[in-house]
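Enquirer:
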Amino acid sequence: MRLSKILSAGIFLLAASAALAQAPSYSNVGRTPTKEEIQAWDISVGPDGKGLPAGQGTAKEGAPIFAAKCAVCHGANGEGGKIGPRVVGGIADTETLTTLKPVRTVGGYWPYATSVFDFINRAMPRGQSGTLTPNEVYSLTALLLFKSNIIKSDDEVLDQKTLPKVQMPNRNGFVPARFADIPDEHKRGCKQGICP
Numbered sequence: 000m001r002l003s004k005i006l007s008a009g010i011f012l013l014a015a016s017a018a019l020a021q022a023p024s025y026s027n028v029g030r031t032p033t034k035e036e037i038q039a040w041d042i043s044v045g046p047d048g049k050g051l052p053a054g055q056g057t058a059k060e061g062a063p064i065f066a067a068k069c070a071v072c073h074g075a076n077g078e079g080g081k082i083g084p085r086v087v088g089g090i091a092d093t094e095t096l097t098t099l100k101p102v103r104t105v106g107g108y109w110p111y112a113t114s115v116f117d118f119i120n121r122a123m124p125r126g127q128s129g130t131l132t133p134n135e136v137y138s139l140t141a142l143l144l145f146k147s148n149i150i151k152s153d154d155e156v157l158d159q160k161t162l163p164k165v166q167m168p169n170r171n172g173f174v175p176a177r178f179a180d181i182p183d184e185h186k187r188g189c190k191q192g193i194c195p
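Residue numbers (numbering that gives the first Met the number 0): 0 to 195.
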């Protein structure tokens, strides 16, 4: 072995050991989370309903919950307020999604009913996320779907089995998972020969 290689290796090891010697030690910082804490954080709900908790609700049950916990931001009828956006209607407005100011309501934009549940469950009410029970979240989801004419009855029960079966109007309005599946380069968003 050449002397220069030996010296280079020695300098590298010396620098690495000096860096490790200066690295701070973090003993007694943090702890392993409990099973209950992990379950509380693991609240993702997929389009197929995987992850939905036990519970149920109807639009009729959701109306007083919405009035008490949601109307202050989203308006009494979900029409939007000073803080929160419009959340109901919009099915006939799906063409407004292509304008500079798209209307992204539950009915006109969201592709899966389970995503509505997931968002309410993890983010609402504003500043109090995670405080709603599964029954309240099912009821609020049912109310928004009923007010958007997606479910037809205010006493239709939504639960782990029925919610994933709800067909949202904009279900097929999103691009495929792979941009290459869109053959028209203009529809893919290609500009000047550069495609996403």
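Cβ atoms here follow ideal geometry from the backbone N, Cα and C, with glycine treated the same way. All of these numbers come straight from a predicted model, not from anything done at the bench.
Using CA atoms only, rank isn't needed, just tell me which of Arg125, Thr113 and Gln127 is closest to aspartate 50.
Expert: Per the sequence shown, the amino acid found at residue 50 is glycine instead of aspartate. Comparing Cα-Cα distances from glycine 50 to each of Arg125, Thr113 and Gln127, the minimum goes to Thr113.
Enquirer: Tell me, which residues are paired with glutamine 159 by DSSP?
Expert: Answer is none; glutamine 159 lacks a bridge partner.
Enquirer: Any chance the CB of alanine 112 is under 7 Å from a heavy atom of the ligand ADP?
Expert: You won't find the ligand ADP in this model; it holds no ligand whatsoever.
Enquirer: Along the chain, which unbroken stretches of the alpha helix (DSSP H) at least 4 residues long are found entirely within the segment 109-161?
Expert: 112-122 and 133-146
Enquirer: Within 10 angstroms of its Cβ, does phenylalanine 116 collect 16 or more other Cβ (buried), or is it exposed?
Expert: buried
Enquirer: Between the alpha carbons of glutamine 38 and proline 32, how many angstroms are there, rounded?
Expert: 10 Å
Enquirer: Rounded to whole angstroms, what's the CA-CA distance from lysine 59 to alanine 75? Just pull it up for me.
Expert: 15 Å
Enquirer: Sorted by chain position, which residues of the same chain lie with C-beta nearer than 6 Å to leucine 144's C-beta, five sequence neighbours on each side aside?
Expert: Ile150.
Enquirer: With proline 110 and glycine 61 assumed to form a contact (beta carbons below 8 Å), what rounded beta-carbon distance in angstroms separates them?
Expert: In fact, because the Cβ distance is near 21 Å, the residues do not count as touching under 8 Å.
Enquirer: For arginine 125, collect the residues of the same chain with a Cβ closer than 8 Å to its Cβ; drop the 5 residues on either side in sequence, then sort them by chain order.
Expert: Cys72, Ile82 and Gly83
Enquirer: Could you pull the start and end residues of the alpha helix (DSSP H) that phenylalanine 65 belongs to?
Expert: 58-68
Enquirer: Contact check, leucine 139 vs phenylalanine 65 under 8 Å by CB: the rounded distance?
Expert: 6 Å
Enquirer: To which residues of the same chain is arginine 85 closer than 6 Å at the C-beta, ignoring the five residues directly before and after it?
Expert: Glu78, Gly79 and Thr104
Enquirer: Cβ of glycine 56 within 8 Å of Cβ of alanine 141?
Expert: yes
Enquirer: From Glu36, Val44 and Arg30, pick the residue whose C-alpha is nearest to that of lysine 160; which is it?
Expert: Val44
Enquirer: Provide the residue(s) that pair with glutamine 166 in DSSP beta bridges, ordered along the chain.
Expert: Tyr111
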